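Visitor: Below is one structure. I have some questions about it.
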Amino acid sequence: MSIKSIQIPNHIFLEEVRRQLQAGHTATFRVRGWSMRPFLEHARDKVLLVSPQRRAVSVGCVALVLADDGRYVLHRVIAIDGAGNCTLWGDGNIFGRETCTPDNVIGVAQGFYIGRKERYFDVDGRVWRGYSWFWMHTAPLRRFFLLLYRICAKLGLDVR
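Okay, so the sequence shown: first residue is 1 according to my numbering, each after it adds one.
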């Protein structure tokens, strides 16, 4: 028996995710896009989300939000102002940041299933916390890390 997957437009799917999280459920789905590279790969890795009421939004966490420009993004929170507005930045992005209001935070990552074997990394675990600290504190070097990652990927080297 093979498993079939279907694709649903983001706005429909993510509004249902919002409803399920608000009802107290969790949501797990494959990430789409390359903005969280090198740690989350398009169409391969999965995110486990909980509601912002279950896990508070904080600097360094990864959150699914409806950004002020109308796009849904799953990015890392890099700043929160006094009113609770969030600034987010994708781990794989050199430029470009998003902002959102507290009401537009849909979910907060509790963990990730990484790689073909779907190894689970909890956001409270030492590995993920260490990676998060490193990545946030080496932002000026990000372009070089991403370039090295892309070169390795093109050469077929598994850098994970």
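Note that beta-carbon positions come from the ideal geometry of N, C-alpha and C, so glycine has one too.
Just so we're clear, the structure is a prediction, and the values are computed from it rather than from any experiment.
1) So if DSSP puts G98 in a beta bridge, which residue, or which two residues, is it bridged to?
2) Roughly how far, in whole angstroms, is the beta-carbon of K46 from the beta-carbon of F112, given that I think they are within contact range, below 8 Å?
3) Once you ignore the five residues that flank Y131 on each side, which residues in its own chain have a CB closer than 8 Å to its CB?
4) Using the DSSP secondary-structure output, state which residues sit across from D122 in a beta bridge.
5) Taking just the CA atoms, how far does R37 sit from C152?
6) In the DSSP assignment, find the beta strand (DSSP E) that holds L40 and state where it starts and stops.
7) In terms of DSSP beta bridges, what is V105 paired with?
8) Please state the DSSP three-state secondary structure of L155.
9) Assuming G33 contacts M136 under a Cβ cut-off of 8 Å, what Cβ separation, rounded to an integer in Å, is found between them?
10) Going by DSSP, what residue range makes up the alpha helix (DSSP H) through I12?
11) Given that a residue counts as buried once 16 or more other Cβ atoms are within 10 Å of its Cβ, and exposed if not, what is L64?
12) Going by beta carbon distance, what residues of the same chain come within less than 7 Å of H42, once the five residues before and after it are set aside?
13) I'd like to confirm the pairing. Which residues does DSSP put opposite Y72 in its beta bridges?
14) Would you mind reading off the limits of the beta strand (DSSP E) that contains T26?
15) Measure from the alpha carbon of H25 to the alpha carbon of each residue in S2, S51, I8 and Q7, then state which is nearest.
16) Report the rounded CA-to-CA distance for D164 versus R54, giving the unit in angstroms.
Guide: This is what the structure holds:
1) Sequence check: residue 98 is Glu here, not Gly. Partner(s): L88.
2) Confirmed, Cβ separation roughly 7 Å.
3) F39
4) G111
5) 13 Å
6) Careful: L40 lies outside any beta strand (DSSP E) and carries neither H nor E.
7) V65
8) coil
9) At roughly 20 Å, the Cβ-Cβ gap does not stay under 8 Å, so G33 and M136 are not in contact.
10) I12 -> alpha helix (DSSP H) spans N10 to Q22.
11) Residue environment analysis places L64 among the buried positions, since at least 16 neighbouring C-beta atoms fall within 10 angstroms of its C-beta.
12) V31, R32, G33 and W34
13) L66
14) No beta strand (DSSP E) contains T26, which DSSP labels as neither H nor E.
15) S51
16) The chain is shown only over 1 to 160; residue 164 falls outside these bounds and no answer can be derived.
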